[in-house]
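Respectively, the protein sequence lines represent chains A and B. When we follow my numbering, the leftmost residue of the first sequence carries the number 287, and every step to the right adds one. When we follow my numbering, the leftmost residue of the second sequence carries the number 287, and every step to the right adds one. No residue lacks a Cβ here, since even glycine has one placed at the ideal position from N, Cα and C. See structure below.
Number of protein chains: 2
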Amino acid sequence: MCKCHNVHHFHHSKEGCPGFRMEKFIQPCMLLLLYERPAHGYELMERLQRCGFSGNIDPGVVYRNLRKMEEEGWIRSEWESGESGPARRRYTLTPEGEEAIHGWAVHVRYQMERLKAFLDKYEEFFRNDEGKED
Amino acid sequence: MCKCHNVHHFHHSKEGCPGFRMEKFIQPCMLLLLYERPAHGYELMERLQRCGFSGNIDPGVVYRNLRKMEEEGWIRSEWESGESGPARRRYTLTPEGEEAIHGWAVHVRYQMERLKAFLDKYEEFFRNDEGKED
DNA sequence: AGCATCTATATGCATATAACATATAGAGGA
DNA sequence: TCCTCTATATGTTATATGCATATAGATGCT
Chain A
287 MCKCHNVHHF HHSKEGCPGF RMEKFIQPCM LLLLYERPAH GYELMERLQR CGFSGNIDPG
347 VVYRNLRKME EEGWIRSEWE SGESGPARRR YTLTPEGEEA IHGWAVHVRY QMERLKAFLD
407 KYEEFFRNDE GKED
Chain B
287 MCKCHNVHHF HHSKEGCPGF RMEKFIQPCM LLLLYERPAH GYELMERLQR CGFSGNIDPG
347 VVYRNLRKME EEGWIRSEWE SGESGPARRR YTLTPEGEEA IHGWAVHVRY QMERLKAFLD
407 KYEEFFRNDE GKED
């Protein structure tokens with residue numbers, strides 16, 4: 287199953303925060319999932335949902351990002367015909383994709399520091415315990 | 287001065303991470319700076335730079351976001367004429383803006399948890415010390 | 001006076017992204 | 001036949017972003 291042991295399906299509304307979407311973040315997440323094991327898009331959708339990804343994932347987002355990452359050379363795909371159900375495209379991580387994960391990790395860590403700096407400052411100013419309203 | 291005591295002017299390149307931009311994050315940052323004290327756009331640009339915001343800030347980004355936040359009712363502006371230099375627009379946080387900060391904080395915390403979950407998983411898989419390559 | 005520079009605000013435009021809807025299609029069941 | 005589930009893919013529209021550029025007062029230099 288999913289190894290996101292520390293993700294507890296956050297509930298939140300982004301009302302009042304238009305545009306701060308971070309959807310491209312789905313790319314490193316999918317790369318990491320594919321590092322765990324090859325998969326097809328539909329399976330990735332399910333695994334992303336179980337990994338704290340916001341409620342319903344738009345299939346369009348998943349497949350378009352898979353295409354883009356294949357163009358980048360981070361993943362490779364092959365049709366899996368036969369068996370049962372419609373044909374599926376099985377995605378595998380490439381060595382370049384594994385490198386990309388490291389690049390993303392640096393970037394993600396940087397962004398996380400920025401968010402943390404904001405929150406530290408926020409809490410310094412307001413010193414409340416809104417974190418427990420979950 | 288700037289109270290971002292825990293921000294050490296991160297250096298990084300976002301090569302290989304196209305689209306993960308998070309520029310809207312400038313909004314809550316500016317709101318928090320305006321909570322500290324009223325300011326005009328040019329001053330905010332400088333204070334943002336001192337607060338770990340990426341190198342050179344595009345003035346367009348700053349002023350456009352100020353306009354949008356004024357439309358939202360989060361900030362209010364008045365022309366400061368006279369004294370020296372060209373006229374400047376002095377921005378003040380409104381009560382709605384202070385509420386917005388709390389909303390943003392929830393959202394930002396949520397996003398930070400997502401990033402943290404990714405990084406935890408990443409480190410679980412790779413167990414390296416890339417954090418020290420700084 | 002003429003000119004560059006700094007402060008300060010603002011807009012234009014091409015492209016990238018996001019949100020949402022919709023299309024296509026095989027397989028299995030009622 | 002029709003519906004649903006699995007599975008992939010595209011179109012449309014609105015918004016966001018990156019980068020360049022416009023405007024303009026004040027100041028200092030030659």
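Listed as beta-bridge partners of residue 379/A by DSSP are 361/A. With fewer than 16 neighbouring CB atoms inside 10 Å of its own CB, residue 381/B falls in the exposed class. Secondary structure of residue 391/B (DSSP, three-state): helix. Close to chain B, meaning a Cβ-Cβ distance shorter than 7 Å, is no residue of the segment 358-380 of chain A at all. Cβ proximity to chain B below 8 Å picks out 386, 387, 388, 389, 390, 391, 392, 393, 394, 395, 396, 397 and 398 from the segment 383-398 of chain A. The three-state reading of DSSP puts residue 403/A in helix, counting H, G and I together. Beta-carbon to beta-carbon, residue 394/B and residue 404/A are separated by about 6 Å, close enough to satisfy the 8 Å threshold.
As the crow flies, the alpha-carbon of residue 336/B is around 17 Å from that of residue 398/A.
In terms of beta-carbon proximity, residue 330/A stays away from the interface with chain B, with every pair separated by 8 Å or more.
For residue 316/A, not one C-beta of chain B is nearer than 8 Å to its own C-beta. Contact with chain B is absent for residue 327/A, since none of that chain's Cβ atoms lies less than 8 Å from the residue's Cβ. Within chain B, the residues placing a beta-carbon under 7 Å from that of residue 338/A are 400 and 403, ordered along the chain. With the rule of 3 Cβ pairs closer than 8 Å, the segment 371-387 of chain B does not count as touching the segment 357-371 of chain A. Of all alpha-carbon atoms in 319/B, 320/B and 312/B, the one lying nearest the alpha-carbon of residue 343/B is that of 312/B. The residues 379, in chain order, have a CB closer than 6 Å to that of residue 321/A in the same chain once the five nearest residues on each side in sequence are set aside.
Close partners of residue 308/B in chain A (Cβ separation under 8 Å): 306, 308, 397 and 400. In the displayed model, residue 336/A falls within a helix according to three-state DSSP. Chain B places a beta carbon closer than 8 Å to that of residue 321/A, counting this residue as a contact. The Cβ of residue 349/A sits no closer than 8 Å to any Cβ of chain B.
Between residue 390/A and residue 319/A, the C-beta spacing is not below 8 Å.
According to the DSSP assignment, residue 308/B belongs to no alpha helix (DSSP H), since it is labelled neither H nor E.
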